[in-house]
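Read left to right, the sequence shown gives residues 714 to 1144 (our numbering).
No residue lacks a Cβ here, since even glycine has one placed at the ideal position from N, Cα and C.
This one's a predicted model, so the numbers in the text were calculated from it and none came from an experiment.
Notes follow the structure.
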Amino acid sequence: MTVEPFDAVQLIAAKRDRGTLTTAQIEWLVDAYTRGYVADSQMSALAMAILLNGMTRQEIRDLTMAMVASGERLDFTGLGKPTADKHSTGGVGDKITLPLMPLVASFGVAVPQLSGRGLGHTGGTLDKLESIPGWRASLTNDEVFAQLAGPVSGVICAAGAGLAPADKKLYALRDTTGTVEAIPLIASSIMSKKIAEGTGVLVLDVKFGSGAFMKDFAKARELAQTMVELGTDAGVATSALLTDMNVPLGLTIGNANEVRESVEVLAGGGPADVVELTIALAREMLALAGQPDADVEAALADGRAMDQWRAFVTAQGGDPDAALPEPRETHTVTAPRAGVLTKQDALAFGIAAWRLGAGRARQEDPVVHAAGIELHAKPGDSVAAGQPLFTLAADDAARFDRALEALDGAWAIGEASDHTPSPLVVERLGR
């Protein structure tokens, strides 16, 4: 019988009393929890102690690397080209991965974008892409490597179960024990998967505000700084942009409609805020990958990024020319009077889209790809009486009432003096 080198109760008590765990203790803890020796109840107590008392930089690093070591670690050094990835903490209308991946890939940088599905109002990249007929999210490691090595130079696919399995188990526990908000646990969860993914460059889009996971700017900044430090310590060139998510990003919220908007951006158009953030993140990724002078605007204008998009969709079984799902029912809300749109609360619009069927309450729930919201105006825009403000879309008109309830008080029309524009990208962190 194997004698365990540590005791879970001892580690729980140490964190309860604001002590510091050693590297060996953390490595044992993650391994023992993954193999079932440490019980869920014990890990729950430790997670709560971490939420209340925090962890040192070394402890967070040890926790992250122990979760990386719990599974496989991809290695793209044989590609013969640099690798760069982006991670967003999620927001309303956040479709940036879709135009960003082919844009960066058009410069010969491999982009291994391992993504997830949405839960709640934030939506998921894979859910959006599955609006495209035939497109598939599941690829083997060999398929991922071949697609990155070839002219497509990018993938967006589901992360394999072999990456950081300890994180998957701990995340599910945090979700039911009130410890999701612990910054050390959030940072190690995100970064363990990204480090295991094997990318050489990582740019983080850390959002704050109403529609973001982190509402408070100071906490979002702390999370961003922690993740930048984790990436740097692991040898990954890492930076972060802190971006405003008080207002939905772009003019669409949903799945199929966000794909359409992303294609507009790749065609050289699209909403100004989506274009701005796509370009900012592309510049950041390319600069860290050794191309600080890359002309990303030109790649959007001359069709190179669109060519990469079409090649990517085709490579994963999709038809880039296929019609996307259309809703059976729509409902348009119009302006009751003339003025300036002064408010458009991201969280409320995200919840409304979720209630229309664009999101899911449980991981196993399906999404309605045609459901969502189209915005016809953004804060700061002048509107006339009777002008459409936004259109709800669903496959069942019975969903409109609950969606409209979520939007009660979420928008307002006033005077120009009532609106103060806010920058989209507020701060950059990293080397």
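{"Item": "Going by beta carbon distance, what residues of the same chain come within less than 6 Å of GLN1021, once the five residues before and after it are set aside?", "Value": "PRO815, ALA818 and SER819"}
{"Item": "Go ahead and pull the three-state DSSP assignment for PRO825.", "Value": "strand"}
{"Item": "Do SER923 and LEU1060 have their CB atoms nearer than 8 Å?", "Value": "yes"}
{"Item": "Could you check whether ALA1116 and ARG1068 sit closer than 8 Å to each other, using their CB atoms as the reference points?", "Value": "yes"}
{"Item": "Could you check if GLY1063 is buried or exposed, using at least 16 other CB atoms within 10 Å of its CB as the buried criterion?", "Value": "buried"}
{"Item": "Flag this pair as yes or no: are the beta carbons of THR1164 and PRO1101 separated by less than 8 Å?", "Value": "Outside the displayed span of the chain (714 to 1144) sits residue 1164, for which this structure offers no information."}
{"Item": "Go through its chain and collect everything with a Cβ distance to VAL941's Cβ below 6 Å, but skip five positions before and after it.", "Value": "THR951, ALA953, LEU1142 and GLY1143"}
{"Item": "For ARG1073 and PRO1079, I'd like the C-alpha separation in whole angstroms.", "Value": "7 Å"}
{"Item": "What number of angstroms, rounded off, separates the C-alpha of GLU772 from the C-alpha of LEU1105?", "Value": "46 Å"}
{"Item": "Rounded to a whole number of angstroms, what is the C-alpha to C-alpha distance between THR838 and ILE903?", "Value": "16 Å"}
{"Item": "What is the DSSP secondary structure of SER801, reduced to helix, strand or coil?", "Value": "strand"}
{"Item": "Below 8 Å between beta carbons: does that hold for GLY1070 and ASP1108?", "Value": "yes"}
{"Item": "Measuring CA to CA, which of VAL716, GLY1085 and ALA1036 is closest to ASN968?", "Value": "GLY1085"}
{"Item": "Within the same chain, show all residues whose beta-carbon is closer than 6 Å to that of ALA925, passing over the 5 residues directly before and after it, in chain order.", "Value": "GLY804 and MET958"}
{"Item": "What runs of the alpha helix (DSSP H), each 4 residues or longer, lie entirely inside the region 1067-1125?", "Value": "1113-1119"}
{"Item": "Tell me the rounded alpha-carbon separation between GLU1155 and ASP1034.", "Value": "This structure gives no information on residue 1155, because the portion of the chain shown stretches from 714 to 1144."}
{"Item": "Tell me which residues share the same chain as VAL865 and place their Cβ nearer than 6 Å to its Cβ, disregarding the 5 neighbours each side in the sequence.", "Value": "ALA1024, PHE1025 and ALA1028"}
{"Item": "Quick check: the region 846-862 against the region 783-802, are there 3 or more CB pairs under 8 Å?", "Value": "yes"}
{"Item": "Three or more C-beta pairs under 8 Å: does that hold for the region 869-885 against the region 823-830?", "Value": "yes"}
{"Item": "So the candidates are THR1055, LEU734, LYS1091 and MET756; which of them puts its Cα closest to the Cα of ALA879?", "Value": "MET756"}
{"Item": "Report all residues from its chain with a CB closer than 7 Å to the CB of ARG887; omit the five preceding and five following residues, and keep chain order.", "Value": "ALA760, VAL893 and LEU898"}
{"Item": "Starting from LEU813, trace the alpha helix (DSSP H) in both directions and tell me its first and last residue.", "Value": "810-818"}
{"Item": "Is the region 1051-1059 touching the region 1121-1130 in the sense that three or more CB pairs, one from each, lie closer than 8 Å?", "Value": "yes"}
{"Item": "Could you pull out every unbroken beta strand (DSSP E) segment of at least 3 residues lying fully inside the region 879-958, listed in chain order?", "Value": "914-921 and 950-957"}
{"Item": "Going by DSSP in three states, ILE763 sits in which element: helix, strand or coil?", "Value": "helix"}
{"Item": "Expressed to the nearest angstrom, what Euclidean distance is found between the alpha-carbon atoms of ALA909 and LEU787?", "Value": "6 Å"}
{"Item": "Whose C-beta lies closer than 8 Å to the C-beta of GLN1004 among residues of the same chain, with five residues either side of it excluded?", "Value": "PHE820 and VAL822"}
{"Item": "Would you mind giving the Cβ-Cβ distance between GLU785 and TYR750, rounded to the nearest angstrom? I have them listed as a contact below 8 Å.", "Value": "Wrong, their Cβ atoms sit about 21 Å apart, outside the cutoff."}
{"Item": "Would you tell me roughly how many angstroms separate the C-alpha atoms of ALA980 and GLY948, rounded to the nearest one?", "Value": "36 Å"}
{"Item": "Determine the direct distance from the alpha carbon of VAL916 to that of THR736, and round the result to whole angstroms.", "Value": "27 Å"}
{"Item": "For a cutoff of 8 Å on Cβ pairs, would you count ALA818 as touching chain D?", "Value": "Protein chains in the displayed structure number just one, and chain D is not present."}
{"Item": "Taking all protein chains shown into account, decide if PRO1136 is buried (16 or more other Cβ within 10 angstroms of its Cβ) or exposed.", "Value": "exposed"}
{"Item": "Give the list of continuous beta strand (DSSP E) stretches no shorter than 3 residues that lie fully inside the region 981-1041.", "Value": "none"}
{"Item": "Whose C-alpha, out of LEU842, ALA1066, LEU990 and THR1047, is nearest the C-alpha of ALA1090?", "Value": "THR1047"}
{"Item": "Give a yes or no on whether the C-beta atoms belonging to GLY944 and LYS808 are separated by under 8 Å.", "Value": "no"}
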